[in-house]
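Peer 1:
Residue numbers (the numbering used here): 819 to 1069.
#1: Distance check for residue 1036 and residue 1045, CA to CA, integer angstroms please.
#2: Using the DSSP secondary-structure output, state which residues sit across from residue 958 in a beta bridge.
#3: Given a cut-off of 8 Å, decide if residue 875 and residue 941 are closer than it, judged by their beta-carbon atoms.
#4: For residue 823 and residue 1034, what's the separation of their Cα atoms in angstroms?
#5: Give every residue of the same chain whose Cβ lies closer than 8 Å to the Cβ of residue 978, excluding the five residues on either side of it in the sequence, and list them in chain order.
#6: I need the DSSP call for residue 992, collapsed to helix, strand or coil.
#7: Measuring only the C-alpha atoms, how far is residue 1058 from residue 980?
#8: I'd like to know whether the C-beta atoms of residue 1053 and residue 968 end up nearer to each other than 8 Å.
#9: Which of the three DSSP states, helix, strand or coil, is assigned to residue 1031?
#10: Starting from residue 1005, trace the beta strand (DSSP E) in both directions and tell me its first and last residue.
#11: My understanding is that residue 836 touches residue 865, with C-beta atoms under 8 Å, so please give their C-beta distance in whole angstroms.
#12: Could you tell me how far apart the beta carbons of residue 909 and residue 862 are, in whole angstroms, since I believe they sit closer than 8 Å?
#13: Whole angstroms is fine: what's the gap from residue 1017's alpha carbon to residue 991's?
#14: Can you tell me the Cβ-Cβ gap for residue 1015 and residue 989, rounded? I've got them flagged as a contact below 8 Å.
#15: Are the CB atoms of residue 963 and residue 829 nearer to each other than 8 Å?
#16: List the whole-angstrom C-beta distance separating residue 878 from residue 961, where the pair is believed to meet the contact cut-off of C-beta under 8 Å.
#17: Provide the residue span of the beta strand (DSSP E) that contains residue 1048, from first to last.
#18: Which residues in the same chain have their Cβ closer than 7 Å to the Cβ of residue 1025, if we skip the five residues on either side of it in sequence?
#19: Compute the minimum distance between the beta carbon of residue 910 and the heavy atoms of the ligand HEM, and state whether it is under 7 Å.
#20: Find the nearest neighbour of residue 1041 within the set 936, 833, 997, 996, judged by alpha-carbon distance.
#21: In the DSSP assignment, what residue or residues form a beta bridge with residue 1013?
#22: Tell me whether the beta-carbon of residue 1055 lies closer than 8 Å to the beta-carbon of residue 1031.
#23: Taking its Cβ as the centre, do 16 or more other Cβ atoms sit within 10 Å of residue 966, making it buried, or is it exposed?
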């Protein structure tokens, strides 16, 4: 089975002769459920150099850098053309998840007045070799790759949601009764957002221009006594008045 590799955009420092792969059947470095079971970072480091020009390696190191550092070392002192170096690091149970707030994919703030918060990790490989001053080669060769770390977060027990104004004084005053409900208030891959809407006209001449349903995202970031709040709709659905009439005609 072909081993999957991190995308080119995942590397912050890359080389054509060194690269990482994930374990067989995996598409990420992290394994296990951090915060619930033993979790670890694992993968393979591949080195490939032309046979006429092998690399004389003194030492290979693989590190995970971030909030905490960990490393594996192997003393080699030999010429290398091809090598597959597997690595594995246990993760501390209290390690925080990767987080990027207020920055783009390159770690640059999206606006100058925006407070930023970043927690990130990288898998880094470093080989110690003989220096080559004629080719301006230092004694170290490195690659660095982003490593996403997530913590297990159990889904809270879902509860039903309901907004109702049905044949009461408020509904009679505005000429419309409605019953809006959702079966649960926690959403995920197995819990899609489904909004159930029932309306009843209490006035014959009542016209509805539109019904708007949206999923709104809120962010609040506090830093150094300052608070930054942002909000936006990430999904919107609009039912216009003429569409409601078509629905009624087809009932």
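Glycine is no exception: its CB is placed at the ideal position from the N, C-alpha and C atoms.
Peer 2: From the atom records:
#1: Whole-angstrom Cα-Cα distance: 13 Å.
#2: 946
#3: no
#4: 35 Å
#5: 999, 1000, 1001, 1002, 1003
#6: helix
#7: Rounded to the nearest angstrom, the two C-alpha atoms are 23 Å apart.
#8: no
#9: strand
#10: Neither: residue 1005 is in no beta strand (DSSP E) and is coded neither H nor E.
#11: 5 Å
#12: That pair is no contact at about 18 Å.
#13: 15 Å
#14: Not quite, the Cβ-Cβ distance comes to about 15 Å (not below 8 Å), so this is no contact.
#15: yes
#16: Actually they do not touch by this definition, with Cβ atoms about 12 Å apart.
#17: 1044-1058
#18: Answer for residue 1025: 1059, listed in chain order.
#19: Summarising the ligand content, the structure contains no ligands, and the ligand HEM is consequently not present.
#20: 936
#21: DSSP output for residue 1013 lists no bridge partner at all.
#22: yes
#23: Counting other Cβ atoms within 10 Å of its Cβ, residue 966 stays below 16 and is therefore classed as exposed.
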